[in-house]
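Q: The structure under discussion is supplied below as structure tokens; questions concerning it will follow.
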Amino acid sequence: MRVSRIVDLSHPLGRTTQVYPGDPVPVLTTVATVERDGYHVTHVSMSSQSGTHADAPYHFFSDGTRIDRLDLRLFTGPAVVVDVTGRPARSAIGTDDLAPYRSLLRPGTIVLLHTGWSVYHGTDHYFAHPYLSGAAAAELVAMGIRTVGIDAPSPDRTPAAGEAAGDWPVHRRMLGAGGTLIENLCRLAEIDFPDPLFSAAPIALEGADGAPVRAVALRVG
Ligand SMILES: [Zn+2]
26 MRVSRIVDLS HPLGRTTQVY PGDPVPVLTT VATVERDGYH VTHVSMSSQS GTHADAPYHF
86 FSDGTRIDRL DLRLFTGPAV VVDVTGRPAR SAIGTDDLAP YRSLLRPGTI VLLHTGWSVY
146 HGTDHYFAHP YLSGAAAAEL VAMGIRTVGI DAPSPDRTPA AGEAAGDWPV HRRMLGAGGT
206 LIENLCRLAE IDFPDPLFSA APIALEGADG APVRAVALRV G
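According to my numbering, the stretch in the sequence shown is residues 26 to 246, in order.
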């Protein structure tokens, strides 16, 4: 087996990482230096939901599986990129949008929603992203899909300022089925080869609701 290409689908994680409204900003602080101590060490402070990361069922369900106990098969497998670029702000991705891909989707397939919204990362418009409808999420769960990634802060609609909070239908359906969601992906357009293999293993943060990942798409062969 030969990996002929690796596409990095992750944002760098640091002070400029855009976080979900209200979440703490990641801070990296130097605590040892080569000049003073002989080596570099960095103190890292961040939320479990920082940058490109995975959600565990525990994120929405108190009795749900924590990130360090999730089956790693959820984070590695053949990926199907669903092209939903060019959509208006705050528009729904529905079952009709999944229809052309249905024959490619089987249990264990990793579905990557390519909205193109990662270009707005760092701006307020990033939160006006397209989102997956609850019906489409239910259809994916029924097909045996347990991993959905998106190049936006959430697969659910992020309420505009002053708008009431939503009821998180995609989080509830996918995480309620024991699955995971990978958020804040980028560079999905660079997956321009057939049959990509996706990998995004989360850091095994003990008992946590989610963790940063280094998401990649691999071209094998
Ligand atoms: Zn999350």
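Cβ atoms here follow ideal geometry from the backbone N, Cα and C, with glycine treated the same way.
(1) CB of residue 149 to nearest heavy atom of ligand 3: below 6 Å?
(2) Have a look at 160, 56 and 230 and flag the residue whose alpha-carbon is nearest the alpha-carbon of residue 94.
(3) For the putative contact between residue 235 and residue 80, defined by C-beta atoms under 8 Å, what is the C-beta separation to the nearest angstrom?
(4) Just how far apart, CA to CA, sit residue 227 and residue 29?
(5) With burial defined as no fewer than 16 other Cβ atoms inside 10 Å of the residue's Cβ, what is the status of residue 96: buried or exposed?
(6) Say whether the segment 71 to 78 touches the segment 189 to 196, bearing in mind that this needs 3 or more beta-carbon pairs closer than 8 Å, one atom from each stretch.
(7) How many angstroms separate the CA atom of residue 129 from the CA atom of residue 88?
(8) Say the cut is 6 Å; is the CB of residue 74 nearer than that to a heavy atom of ligand 1?
(9) Can you tell me the Cβ-Cβ gap for residue 76 and residue 36, rounded? I've got them flagged as a contact below 8 Å.
(10) Assuming residue 91 contacts residue 232 under a Cβ cut-off of 8 Å, what Cβ separation, rounded to an integer in Å, is found between them?
(11) CA-CA distance, residue 240 and residue 34?
(12) My assumption, with CB atoms under 8 Å, is that residue 45 sits in contact with residue 178. Please give the rounded CB distance.
(13) Any chance the CB of residue 203 is under 6 Å from a heavy atom of ligand 1?
(14) State yes or no: is the C-beta of residue 181 nearer than 6 Å to some heavy atom of ligand 1?
(15) Confirm, please, whether the CB-CB distance from residue 184 to residue 134 is below 7 Å.
A: On the basis of the data shown:
(1) Ligand 3 is not part of this structure, which contains only ligand 1.
(2) Working through the sequence shown from its first residue, we reach residue 94 at position 69. Checking every option, the nearest Cα to that of residue 94 belongs to 230.
(3) One-based indexing of the sequence shown puts residue 235 at position 210. One-based indexing of the sequence shown puts residue 80 at position 55. The beta-carbon distance between residue 235 and residue 80, rounded to whole angstroms, is 5 Å. This is short enough to meet the 8 Å contact definition.
(4) The sequence position of residue 227 within the sequence shown is 202, counting from 1. The sequence position of residue 29 within the sequence shown is 4, counting from 1. One Cα belongs to residue 227, the other to residue 29, and the distance between them is close to 23 Å.
(5) Here residue 96 is taken as the residue at index 71 of the sequence shown, counted from 1. So residue 96 ends up on the exposed side.
(6) With the cut-off at 8 Å, the segment 71 to 78 and the segment 189 to 196 do not touch.
(7) Within the sequence shown, numbered from 1, the residue matching residue 129 stands at position 104. Within the sequence shown, numbered from 1, the residue matching residue 88 stands at position 63. Residue 129 and residue 88 have their alpha carbons spaced roughly 32 Å apart.
(8) Translated into the one-based positions of the sequence shown, residue 74 becomes position 49. Correct: residue 74 has its Cβ closer than 6 Å to ligand 1.
(9) Position 51 of the sequence shown, counted from the start, is the residue given in the question as residue 76. Position 11 of the sequence shown, counted from the start, is the residue given in the question as residue 36. At roughly 5 Å, the Cβ-Cβ gap stays under 8 Å, so residue 76 and residue 36 are in contact.
(10) If you number the sequence shown from 1, residue 91 lands on position 66. If you number the sequence shown from 1, residue 232 lands on position 207. The pair is a contact, with the Cβ atoms about 5 Å apart (cut-off 8 Å).
(11) To locate residue 240, count along the sequence shown from 1; it is residue 215. To locate residue 34, count along the sequence shown from 1; it is residue 9. The alpha-carbon atoms of residue 240 and residue 34 are separated by roughly 5 Å.
(12) Counted from its first residue, the sequence shown places residue 45 at position 20. Counted from its first residue, the sequence shown places residue 178 at position 153. Contact check for residue 45 and residue 178: beta-carbon distance about 6 Å, within the 8 Å limit, so the pair qualifies.
(13) Counted from its first residue, the sequence shown places residue 203 at position 178. Residue 203 Cβ: outside cutoff for every heavy atom of ligand 1.
(14) Start at 1 with the first residue of the sequence shown, and residue 181 comes out as number 156. For residue 181, the shortest C-beta to heavy atom distance toward ligand 1 is 6 Å or greater.
(15) The residue labelled residue 134 in the question sits at position 109 within the sequence shown. The residue labelled residue 184 in the question sits at position 159 within the sequence shown. Not closer than 7 Å, so no.
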